[in-house]
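Read the structure below first, then the notes.
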Amino acid sequence: MACGAKHTLYNISQALIQEGDEVIIPGPYWVSYPDQIVLAGGTPVFIMTDESTGFKITPEQLEKAITPKTRYLILNSPCNPTGSTYSKEELAALGQVLLKQEHVLVVADDIYERLIYDGLIFYNIAQVVPELKSRTIVVNGVSKTYAMTGWRIGYACGPKELMGAMTKMQSQSTSNATSIAQKASVEALNGPQDAVAAMCVEFEKRRTYIVDRLNAMPGVSCFKSNGAFYVFPNFSGCYGKTTPGGKKIENSTDFAAYLLEDAKVALVPGVAFGDDRYARLSYAISMDNIKKGMDRIEEAINNLK
Ligand SMILES: Cc1ncc(COP(=O)(O)O)c(C=O)c1O
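Quick note: to get the working numbering, add 776 to the position in the sequence shown (first position is 1).
As structure tokens, this is what we get:
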């Protein structure tokens, strides 16, 4: 147990990576993965994806990316920032590649496992390909499912020796996560789960609304993903246009700055997640505010020349 899933992932990178090791990160990726790997002396190896594969890596891409230096693959399903979620069949296909590469571990960041829509069922790769269990590390936490972001509890399970090394690392840095948050997390995990199901119904409604609105805007296309609480629309059709203030939009940073300043809507530029064509919007916010936000984005885009 650590102070959040982020801390857990950091402990993993520090315990596993030797100078020059490679870690495969499917992209668009969560912002902390590459930096944690670089901090540990490793080299991130990105496999970039787009809407054409539902923002998911293919077995062929994975095979090509693996080298003798590969230490582990990070799998984040459902994904931040794309919301994409691997099916059982897709995981089985990736598993077949990994079975042939015995030196490669899998770090499964399952933090959004319960936030999944359209009747999809969550699978971890070790469930689908049990032979991978001995080299899979599962990471989870309470910040997303139970909206306990500030309580800072994350946890992992995996090979005993690695868990021991992570515990040693942590005991010399932060000791333990606060006991109060530990108790609260036990309650969250063991207590009634109806709030999670109710939240999923609400998230699914918001996701559908936001995707439909975005796809109706000129120059915008948004993949309808089925997990987490993010959408990752492609705004590149708005690039090259000029704002009412006379500024040319060249990239996702300009686009996000324009929306922030002129429309008072905050989104995260896609460049932070490895692809400048996109931006990330979170729908962990009320439907009223989503509606207001969509109206403002639409107006701002219509005002571009
Ligand atoms: C994919 C992913 N992994 C891990 C985390 C970290 O979660 P925690 O709040 O438990 O540190 C986040 C939070 O944004 C995330 O999106």
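Ideal Cβ positions, reconstructed from N, Cα and C, are used throughout, including at glycine.
Of all the options the options, which has the alpha carbon lying nearest to the alpha carbon of residue i?
i	options	result
phenylalanine 1011	Gln969, Ala1004, Leu1057	Leu1057
tyrosine 805	Phe822, Met993, Leu785	Phe822
threonine 825	Gly859, Ile913, Lys1040	Gly859
glutamate 795	Ile813, Arg982, Thr834	Ile813
valine 807	Tyr786, Ala960, Asn952, Tyr922	Tyr786
threonine 784	Asp885, Ile986, Phe898, Thr925	Asp885
tyrosine 922	Ala960, Lys936, Leu896	Ala960
isoleucine 833	Trp927, Ala957, Asp988, Asn852	Asn852
proline 802	Ala816, Lys840, Leu815, Met777	Lys840
glycine 895	Gln877, Ile901, Met939, Thr861	Thr861
tyrosine 985	Thr1019, Leu938, Lys1068	Lys1068
threonine 925	Glu937, Ala964, Leu938	Ala964
alanine 798	Arg1053, Thr843, Glu836, Leu815	It is glutamate, not alanine, that sits at residue 798 in the sequence shown. Answer by Cα proximity: Thr843.
threonine 1019	Ser947, Leu815, Ser910, Asn1078	Asn1078
Leaving out five residues on either side along the sequence, give the residues of the same chain with a beta carbon under 7 Å from the beta carbon of residue i.
i	result
threonine 950	Cys779
lysine 920	Ile887, Tyr888, Leu891
lysine 1017	Ile1025, Leu1080, Lys1081
alanine 1076	Tyr1034, Leu1035, Asp1038, Ala1039
methionine 945	Asn787, Gln790, Ala791
alanine 734	Residue numbering for the chain in the displayed model covers 777 to 1081; residue 734 lies beyond these limits and cannot be assessed.
proline 835	Ala869, Leu870, Gln872, Val873
Can you give me the Cβ contacts of residue i inside the same chain, cut-off strictly under 8 Å, excluding the 5 residues immediately before and after it?
i	result
valine 905	Leu867, Ala868, Gly871, Gln872, Leu874, Leu875
leucine 838	Ile800, Ile823, Leu849, Leu870, Val873, Leu874
tyrosine 893	Cys976, Phe979, Glu980, Arg983, Asn1002, Gly1003
lysine 1023	Asp1030, Tyr1034
leucine 938	Ile788, Ala791, Leu792, Ile913
Exposed or buried, residue i, counting other C-beta atoms within 10 Å across all chains shown (16 or more means buried)?
i	result
methionine 942	buried
methionine 1063	exposed
lysine 1081	exposed
glycine 934	buried
alanine 1042	exposed
aspartate 970	exposed
asparagine 1065	exposed
proline 810	buried
valine 987	buried
alanine 973	exposed
So residue i and residue j are in contact, right, with Cβ under 8 Å, and what is the actual spacing, rounded?
i	j	result
isoleucine 850	isoleucine 800	7 Å
serine 1028	valine 1047	5 Å
valine 882	leucine 908	6 Å
glycine 830	serine 789	Incorrect: roughly 27 Å between the Cβ atoms, too far for contact.
phenylalanine 999	glutamate 827	4 Å
proline 854	alanine 1004	4 Å
proline 1045	alanine 1055	6 Å
histidine 879	threonine 846	7 Å
methionine 1070	alanine 953	The pair is not a contact, with the Cβ atoms about 38 Å apart (cut-off 8 Å).
methionine 993	isoleucine 1073	7 Å
Who are the Cβ neighbours of residue i in its own chain at under 6 Å, not counting the five residues just before and after it?
i	result
alanine 781	Ile887, Val915, Gly917, Gly930
tyrosine 899	Lys864, Leu867
glycine 995	Gly1013, Cys1014
proline 1009	Leu990, Val996, Cys998
proline 857	Pro804, Tyr1006, Phe1008, Phe1049, Arg1056
alanine 816	Ser789, Gln790, Ile793
Which parts of the segment 948–1026 are runs of the alpha helix (DSSP H), unbroken and 4 residues or longer, counting only runs that do not cross its ends?
-> 955–966, 970–991
List in chain order: all unbroken beta strand (DSSP E) runs of 3+ residues lying wholly within the segment 796–855.
-> 798–803, 819–824, 846–852
What runs of the alpha helix (DSSP H), each 4 residues or longer, lie entirely inside the segment 850–889?
-> 864–875
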